[in-house]
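Single-structure report; data block below.
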Amino acid sequence: MAKKEVDDRFKKFGTVSFTAITKTNDFVGYLEQGKVMGTQCKTCGLQFFPPRADCFQCLSSDMEWFEVGGKGKLLAYSKLQFGPMGFEGDLPYCIAVIDYGDYKVFGRIDKNLADDEIKIGMEMKAVANKLPNDQLNYVFQKA
Amino acid sequence: MGRVAIIGVGQTAFVRGYPGSIRELAFEGFKDCMIDAQISAKDIDASIVCSAPEYDKQRSPSGVFAEYLGLTPQPTFYVESLCSSSTTGVKLAYSLIKSGLHDVVAVIGFQKMSEISSAESQERMGRGTDVQWESPFGTMMPAYYAMFAKGHMEKYGTTLEDLALIRVKASTYGQINEKAVYRKAVTLDMFTDPNNPMSGPVASPLRVGDCCANADGCSCLILASEEKAKAICKKPVWILGIGSASAPVNMTGRKGFAGLDVADIAGKTAYKMAGITPGNVNVAEVHDCFTISELIAYEGLGFAKPGEGKDLIKSKETYKEGSIPVNVDGGLLSKGHPIGATGGSQVRTIVLQLRGEMGDMQVKNPEIGLVHNVGGVGLYANIIILGRS
């Protein structure tokens, strides 16, 4: 994966990113390719989402990427009518947590999903998404 | 090693726009406490200053306050755990005294939130979560707690009216608490009237009326060793138990959305240390940053079984005359929530209750009181159990 001299690709994550440099910068590279990825510890096999560069279980930093595939279940969500500074233009939007079994994913629900279609327990999938300001994130769609 | 007591309590009124700087705000809370404790700055061996950072520009406020309050050259330091900062200060003061390092320690909690706008404040609070992986989605405190409200409703059938009843109770006491920022009555009708601001949507299912208000304020507590407390204080209130815990910051690390594990664990630890059960608690202050937070606290602290918190509020058992009065000073919902000052204000209320000095908000003859103070979205929790003897 092509890297800039100063790899600050994480600046591209979300409507407003608060982190520029992380060892998990490839996450953004994968988002650009349309993939939502987590990391897995090569030593002990523990899977992480959000991705981590380091495993707290065995203290290894030898990680590999895996694709967040298949379906998860909607565990919790809320629709915001008021937003923090910098996010006013996105309103209204839903934040949510999806349970994939071995790990969970926090993100936003796709704006195209109508309110009355959103039900706790429904099957959803995380999909890479380009924001109007050219930033990148991922959204949950009906699976 | 002897016990540790609280020998002085004080706070400013919690207000919307404090007309002074943070050191002047701290002075007001400190003065109120010194008058209560009837001691002077030279009697204090160390001070701990508590707040959540980035609301004002001052870095390391402890040194500034120590100078302004006449607490130099005694040691001072700063501590933060977001909304639970000042009970973390209490825990540290307890440890300093218990270890024998100091005899008398001041815990000063403060926040001047009015220096920034409401949207900026939501952004600051939203950054009290996972800034790398969650904040870029546009998170804020009401939306996180709204997920727990939704989770609780889904699991236990809790209703919007149950939540509104918590706010109605808070306003009952907020109206008679001179220190509260919100002094008006709140009725159930306001939540169903689309023209009333209380019913306005914030983050579904939470409405304006389900959320506490930002405020400026300062709280101050003086803790002392048993020997000192008995020598200089007529009505010391004793620390019987302290429990603390942490939880994964990212919501992906949470087991479920119908309770806060962090407070459940801290509560069990505190009960064990105090050697009591939930049934022994006569009065409590819980962290009602949102209506759902109080309902969850009833269950987490064992005042109600899981899912039955709504029955406690419906039957008014958490009112002043009920079997377990909770937040009968208006709570965060009516008093306001100046982040770093909140825990100290909760402790102040319980100390005054145990001394029988809470005026119109006084619960009948309490022996044991409990403080439940949560930081972030169930990220940190401190539970403190206080006793008259």
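Here the protein sequences come in this chain order: A and B. Under our numbering, think of the first position of the first sequence as 3, with each following residue one higher. Under our numbering, think of the first position of the second sequence as 743, with each following residue one higher. Glycine included, C-beta positions come from ideal geometry on N, C-alpha and C.
Using a cut-off of 8 Å between C-beta atoms, extract the partners of residue i located in chain A.
i	result
PRO945(B)	Before going further, note that residue 945(B) is Ala rather than Pro in the sequence given. Correct list: SER80, LYS81, LEU82, GLN83 and PHE84.
LYS892(B)	ALA78, TYR79, SER80 and ILE122
ASN992(B)	PRO52 and PHE108
PHE933(B)	The premise fails here: PHE933(B) is roughly 16 Å from chain A at the closest Cβ pair, so nothing lies under 8 Å.
Using the beta-carbon of each residue, which ones in chain B are nearer than 7 Å to residue i?
i	result
THR21(A)	VAL873 and GLN874
GLY88(A)	GLU865
ASN131(A)	Within 7 Å Cβ-Cβ: nothing; ASN131(A) doesn't reach chain B, min ~11 Å.
Residue i bridges to which residues according to DSSP?
i	result
GLY109(A)	ALA98(A)
HIS1114(B)	ILE1125(B)
ALA891(B)	ALA891(B) is not bridged to any residue.
PHE15(A)	LEU138(A)
ALA963(B)	Correcting the residue identity first, residue 963(B) is Leu in this sequence and not Ala. Answer by DSSP bridge pairing, in chain order: VAL751(B) and VAL849(B).
LYS132(A)	LEU138(A)
ARG949(B)	PRO943(B)
GLY143(A)	Note on residue identity: the sequence assigns Gln, not Gly, to residue 143(A). In the DSSP output, where bridge partners are listed per residue, GLN143(A) has LYS127(A).
TYR820(B)	VAL791(B)
GLN1095(B)	DSSP, once it has assigned bridges, lists no residue as partnering GLN1095(B).
ALA973(B)	Beta-bridge pairing links ALA973(B) to no other residue.
GLN49(A)	GLN42(A)
VAL757(B)	ASP958(B)
VAL1068(B)	ALA1026(B)
PHE1032(B)	CYS953(B)
Round the Cβ separation of residue i and residue j to the nearest angstrom and send it over; I've been treating them as touching at under 8 Å.
i	j	result
SER1132(B)	THR830(B)	Within the shown structure, residues of chain B are numbered from 743 to 1131, placing residue 1132(B) beyond reach of any answer.
ALA989(B)	LEU1121(B)	6 Å
GLY88(A)	GLU865(B)	6 Å
GLY688(B)	ALA1016(B)	Nothing can be reported for residue 688(B), as the shown portion of chain B is limited to 743 through 1131.
LEU115(A)	GLN83(A)	Not really, about 17 Å apart at Cβ, beyond 8 Å.
GLY750(B)	ILE781(B)	7 Å
LEU930(B)	LYS854(B)	About 34 Å; that fails the 8 Å criterion.
GLN874(B)	GLY1086(B)	Contact flag wrong, Cβ pair sits at about 31 Å.
ARG11(A)	VAL30(A)	4 Å
GLU1099(B)	GLY1129(B)	Actually they are not in contact, since the Cβ atoms of GLU1099(B) and GLY1129(B) sit about 16 Å apart, beyond 8 Å.
ALA945(B)	PRO884(B)	4 Å
GLY109(A)	VAL141(A)	6 Å
MET940(B)	VAL923(B)	At roughly 15 Å, the Cβ-Cβ gap does not stay under 8 Å, so MET940(B) and VAL923(B) are not in contact.
GLY725(B)	TYR1040(B)	Given that chain B is displayed from residue 743 to residue 1131, the structure contains no residue 725(B) and the question cannot be resolved.
ILE858(B)	TYR760(B)	So it is not a contact: roughly 13 Å between Cβ atoms.
VAL18(A)	PRO795(B)	Incorrect: roughly 19 Å between the Cβ atoms, too far for contact.
PRO1080(B)	PHE756(B)	6 Å
ALA891(B)	LEU948(B)	6 Å
Quick one: is the Cβ of residue i within less than 7 Å of any heavy atom of the ligand HEM?
i	result
GLU1099(B)	For the ligand HEM, the structure offers nothing, since it holds no ligand at all.
Counting along the chain, where does the beta strand (DSSP E) carrying residue i start and finish?
i	result
PRO943(B)	943-945
VAL751(B)	746-753
MET1015(B)	First-last for MET1015(B): 1003-1016, but that is the alpha helix (DSSP H), not the beta strand (DSSP E).
SER80(A)	74-82
VAL847(B)	846-854
LEU1170(B)	With chain B represented from 743 up to 1131, any question about residue 1170(B) goes unanswered, as that position is not in the structure.
ALA1026(B)	1025-1027
PHE68(A)	65-69
Please list the partners that residue i has in chain A, where partner means a Cβ-to-Cβ separation under 7 Å.
i	result
ALA888(B)	SER80
Would you give the residue range spanned by the alpha helix (DSSP H) that residue i belongs to?
i	result
CYS775(B)	764-779
MET932(B)	930-934
GLN35(A)	Here GLN35(A) belongs to no alpha helix (DSSP H), and DSSP marks it neither H nor E.
TYR836(B)	827-840
ILE981(B)	Counting along the chain, ILE981(B) falls outside any alpha helix (DSSP H), though it belongs to the beta strand (DSSP E) covering 979-988.
PHE999(B)	No alpha helix (DSSP H) contains PHE999(B), which DSSP labels as neither H nor E.
SER863(B)	860-868
Run through chain A and tell me which residues come within less than 9 Å of residue i, C-beta to C-beta.
i	result
GLU896(B)	ALA78, ILE122 and GLY123
Using a cut-off of 8 Å between C-beta atoms, extract the partners of residue i located in chain B.
i	result
ASN139(A)	PRO878 and PHE879
ASP92(A)	GLY880
List the residues of chain B that residue i touches, going by C-beta distances under 9 Å, in chain order.
i	result
VAL99(A)	MET889, MET993, THR994, ARG996 and PHE999
With a threshold of 8 Å between beta carbons, is residue i in contact with chain C?
i	result
CYS96(A)	This model lacks chain C altogether; the protein chains it does include are A and B.
Which residues, in chain order, does the segment 823-844 of chain B contribute to contact with chain A at a C-beta distance below 7 Å? Taking 7 Å as the Cβ-Cβ cut-off against chain A, none of the residues of the segment 823-844 of chain B qualify.
If you measure beta-carbon to beta-carbon, which residues of the segment 857-886 of chain B are closer than 7 Å to chain A? The segment 857-886 of chain B vs chain A, Cβ under 7 Å: ALA861, GLU862, GLN864, GLU865, GLY868, ARG869, VAL873, GLN874, TRP875, GLU876, SER877, PRO878, PHE879, GLY880, THR881, MET882 and ALA885.
Selection of the segment 106-129 of chain A by Cβ proximity to chain B, strictly under 7 Å: Those would be LYS106, VAL107, PHE108, GLY109, ARG110 and ILE122, in chain order.
Under 8 Å, CB to CB, which of the residues in the segment 10-34 of chain A have a partner in chain B? Going along the segment 10-34 of chain A in chain order, one finds PHE12, PHE15, GLY16, THR17, VAL18, SER19, PHE20, THR21 and THR24 with a Cβ nearer than 8 Å to chain B.
Name the residues in the segment 985-1016 of chain B whose C-beta lies less than 9 Å from a C-beta of chain A; which are they? Going along the segment 985-1016 of chain B in chain order, one finds ASN992, MET993, THR994, GLY995, ARG996, GLY998 and PHE999 with a Cβ nearer than 9 Å to chain A.
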